[in-house]
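The block underneath contains the structure these notes are about, expressed in structure tokens.
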Amino acid sequence: MAATGSEKQGANDVQSYYVSTPIYYVNDAPHLGHAYTTVAGDVLTRWHRQRGEKVWYLTGTDEHGQKIMRTAEANGVSPQEWCDKLVEEAWRPLWEHLNIANDDFIRTTEKRHTDRVQEFVQDLYDKGEIYKGGYEGPYCVGCEEYKLPGELLDGEGEYAGQKLCPIHKKPVELLSEENYFFKLSEYTERLLAHYEANPGFIQPESARNEVVNFVKQGLQDLSISRSTFDWGVPVPWDPKHVIYVWVDALLNYATAVGYNENPAKFDGTFPANVHLVGKDILRFHAVIWPAMLMAQGLPLPGKVAANGWLMVGGEKMSKSNLTGIKPQDLTSHFGVDAYRWYFLRAIAFGQDGSFSWEDFTARYTSELANDYGNLASRVAAMVGKYFGGALPADEAPGAAEQAVRDGLAEAVAEADRKVGDDLDFQGGILAVFDFVKQVNGYITEQEPWKVAKDDSPEGRARLASILYTAAESLRAVAVLLNPVMPETSQQLWDSLGAEAPLGALADQRVQDAGTWGQLPAGATVTKGAVLFPRLEEPKKDA
Ligand code: MSP
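Numbered by UniProt numbering, the letters in the sequence shown go through residues 1 to 542 in order.
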């Protein structure tokens, strides 16, 4: 009997908090849209690591199917050569560049995957879940999916008279095949019962409603094999067929964590707590995948979270309508940390959003450089100037200092709930930046540069308290922003001299970040490099 999603709510000593990204098609290099999902997953897993949980973060590549096969053919190489080249030259290097801390990277052409896929499908066949049948229908190679006639668009211009895929806006192909079917239709009621019993299974609400309405119409059985091409995992009992690329791909979430191979690892990791997916592939994850698991008696994931699309000119950003801007073009201008921060900060997770240089530049300048970066350098400079770089003790805290402490406690609770539980990255980041604003306001009001002119013991004590409060606030900000911006957070941690007394930044618990007084008096504060330097003029052709 499949466990319900709520049975795997969180990590503990034995169970990992397991997050996945989609495995990406390697028909081309990664673009901003792919990086968006992967960065979100990275922030989520780093957050949970800093809650002290065991975490497993998986990403990888989807290498079978007609789409990849045709791309390789068009480039005059074998599909495997094509995939190897793209994975090594484009995909892995980008994730490294963006500081993605994934624990594994699965490729669907690896033996550890293909063997287990065959076993899984053979098992379903032996259980009577798969039968042979025929199917004819419109197929979109871009989606690698049969479409329903009703969802197709009428072509215009060069495509006049043809039917188009609603996502790719390209003509569909009429496929007629004898192949194997999974009895998906038999899972309609069980899926609906699962959605009902687990309201958080699909996020956001709009995505959940869409799936529920779709399933309520009744499900058709799913064609799970192809016989017109051979770039895939052979069907074990009938190797003229290859397994449908989506069935092959979805199984990565099980094969990568030891399905049928390493029971201890599998039981300690599977199922995923969160599958992050773009909304275009929600149905595969929220309908087909759970039905496959139910058929095997395996537990279902805790949550399928759909992110919106990064848009270009009103369309989903994709290979065919790219802006010409690669992730590396943005990181070389704004830096990796600002890049990781920007998309999560600017777009509510789950909603569509657009990117513009103007918006990125404006937010970088006002929020990162002015609000946050300046605060960090001013505080370090004043501790240097007035106390020789040794953090003074909090000698005379009053109501203004208490207000900062209270503000921090609220920010920590809010950020932890929003990022860690709700996947509301924008809300969590805003909670931290509102606190940064509060600390800026506090310094403006307290005017430490004026208090510094008062040499009396009372004056020195006041100044000490103001600067302690500001530095201790920054200590907490570094902890909270570390999952989002690990490089600059480390710079700040170093500048506060926090490592010697408190240990490594990544070991600091986010939920304890509001516990006041962690940075000890005497910590060595230095004015390091500017966290967010002034931006150069963007290149003219950008
Ligand atoms: N290979 C399948 C997924 C199999 S998962 C078992 C696939 N790959 S994909 O490369 O086409 O895209 C996968 C994901 O990339 C999307 O679902 C989404 O998470 C991300 N994005 C691709 N383009 C995007 C945008 N324009 N905007 C936001 N995310 C985008 O589908």
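All residues carry an ideal CB built from backbone N, CA and C; glycine is no exception. From a predicted model like this one, the values you see are computed outputs, not experimental measurements.
Does any heavy atom of the ligand MSP sit closer than 6 Å to the C-beta of P22? yes
Through-space distance from V212 to E205, alpha-carbon basis: Cα to Cα, the separation comes out at about 10 Å.
I'd like the list of long-range same chain contacts for V19, defined as Cβ closer than 6 Å, with 5 residues on each side in sequence excluded. Taking C-beta separations shorter than 6 Å and ignoring five residues to either side along the sequence, the partners of V19 in its chain run G41, L44, T45, Y57 and V274, following chain order.
Leaving out the 5 sequence neighbours to the left and right, which residues in its chain are closer than 7 Å to E537 when beta-carbon positions are compared? Excluding sequence positions up to five before and after E537, its CB lies less than 7 Å from no other CB in the same chain.
Give me the Cα-Cα distance between F532 and L368, rounded to the nearest whole angstrom. 6 Å
Could you have a look at Q518 and say whether DSSP puts it in helix, strand or coil? coil
CB contact flag (T188, S16, <7 Å): no
Please give the ranges of any alpha helix (DSSP H) in the stretch 134-202, keeping only runs that are unbroken, at least 4 residues long and fully inside the region. 188-197
Expressed to the nearest angstrom, what Euclidean distance is found between the alpha-carbon atoms of P483 and W47? 5 Å
Contacting residues, own chain, Cβ-Cβ under 6 Å from G133 (five flanking each side not counted): F181
Counting pairs of Cβ atoms below 8 Å between the stretch 348-362 and the stretch 309-318, do you hit three or more? yes
Please list, in chain order, all residues of the same chain as E178 whose beta carbon is under 6 Å from its beta carbon, the five residues on each side excluded. G134
Spatial neighbours of M69 in its chain, beta-carbon cut-off 8 Å, leaving aside the 5 residues before and after: Hits under 8 Å: P79, F229 and W231.
Rounded separation between N173 and V141 - CA only: Looking at the sequence provided, one finds Glu at residue 173 rather than Asn. Going by the C-alpha atoms only, they are around 8 Å apart.
Ordered along the chain, which non-local residues of its own chain (more than five positions away) have a Cβ less than 7 Å from that of D455? none
Endpoints, the alpha helix (DSSP H) within which L124 is located: K111 to D126
Identify which residue in G33, Q491 and D103 has its Cα closest to the Cα of Y372. Q491
For K303, tell me which candidate among D434, F433, Y468 and N198 has the shortest Cα-Cα distance. N198
Got a sec: does the ligand MSP put a non-hydrogen atom nearer than 6 Å to the Cβ of Y372? Answer for Y372: no, Cβ out of range of the ligand MSP.
Please check the pair G407 and F435, which I expect to be a contact at CB under 8 Å, by giving their CB distance rounded to whole angstroms. 6 Å
Report, in whole angstroms, the separation of the C-beta atoms of G503 and V525, which I expect to be a contact under 8 Å. Not quite, the Cβ-Cβ distance comes to about 17 Å (not below 8 Å), so this is no contact.
Inter-residue Cα distance where the pair is Y253 and I23: Taking the CA atoms as reference points, Y253 sits about 9 Å from I23.
Cβ neighbour criterion (16 or more within 10 Å) applied to V14: exposed
Leaving out the 5 sequence neighbours to the left and right, which residues in its chain are closer than 6 Å to P486 when beta-carbon positions are compared? N99
Proximity below 7 Å, CB of A207 to CB of A306: yes
Report the rounded CA-to-CA distance for G76 versus I202, giving the unit in angstroms. In this structure, the alpha-carbon of G76 lies about 41 Å from that of I202.
Contained beta strand (DSSP E) runs [length at least 3] in the stretch 27-92, N- to C-terminal order: 55-62
So, with DSSP's three-state summary, where would you put I100? coil
Determine contact between the stretch 253-268 and the stretch 383-392, defined as no fewer than three beta-carbon pairs at a distance below 8 Å. no
Just how far apart, CA to CA, sit W449 and P392? 15 Å
First through last residue of the beta strand (DSSP E) which encompasses K303: K303 to N307
Take A542 and list the residues in its own chain whose beta-carbon comes closer than 6 Å to its own, dropping the five residues that flank it on each side. Any answer about A542 is weak, because its pLDDT of 45 lies below 50 and its placement is not dependable; what the coordinates show is given next. Contacts found: none.
Quick check: V87 and T109, are their CB atoms within less than 7 Å of each other? no
Helix, strand or coil, according to DSSP, for S20 in the structure here? strand
For V242, the residue or residues it bridges with in DSSP: R226 and P234
Would you report the Cα separation of L124 and D221, rounded to the nearest angstrom? 14 Å
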